[in-house]
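**Student:** In our numbering, the protein residues as written are 2 to 122. Glycine is no exception: its CB is placed at the ideal position from the N, C-alpha and C atoms. This structure is in structure tokens; I'll ask about it shortly.
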């Protein structure tokens, strides 16, 4: 461990130290987290288009996929999670994720994945 200077106080128009404060033998530790879930894949599966209905947010029971992103965190860690994703251009509302192969012949239109935390966007 080493000594770290915390502050130096000078008098007006003076360049000599009037007082200084040092921290001796201290260490700084960082609380951290690691993701313990190896990866999430969210397959919708084979679901009839008519099962989705016409209202936004209709989720047929066969298409529901509940998974958890598990974390292992040090005590006292403050957790902030962000996801980088592309909005689905075929749905007409933000916060619906683009599907793999979006725009391709095999990708469905008007269907996407939405990630919720405790039932909220």
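1) Helix, strand or coil: which one does DSSP assign to residue 35?
2) Determine the closest residue to residue 34 out of 50, 116, 73, 99, with distance taken between C-alpha atoms.
3) Can you have a look at residue 113 and say buried or exposed, based on whether 16 or more other CB atoms are within 10 angstroms of its CB?
4) Quick one: what's got a C-beta closer than 8 Å to residue 75's C-beta in the same chain, skipping five residues either side?
5) Could you give the residue range of the beta strand (DSSP E) that holds residue 73?
6) Using the Cα positions of residue 63 and residue 38, report the straight-line distance between them to the nearest angstrom.
7) What are the partner residues of residue 114, as DSSP defines its beta bridges?
8) Which same chain residues, not among the five before or five after residue 98, have their C-beta less than 8 Å away from its C-beta?
**Tutor:** So, from the data block:
1) Reduced to three states, the DSSP call for residue 35 is strand.
2) When each option's Cα is compared against that of residue 34, the closest is 73.
3) Buried, because 16 or more other Cβ atoms sit within 10 Å of the Cβ of residue 113.
4) For residue 75, where only same-chain residues beyond five positions count, the Cβ hits under 8 Å are 32, 33, 34.
5) Per DSSP, residue 73 is one residue of the beta strand (DSSP E) stretching across 72 to 74.
6) Those two C-alpha atoms are separated by around 23 Å.
7) Residue pairing by DSSP puts residue 114 in a beta bridge opposite 98.
8) 86, 87, 88, 89, 113, 114, 115, 116.
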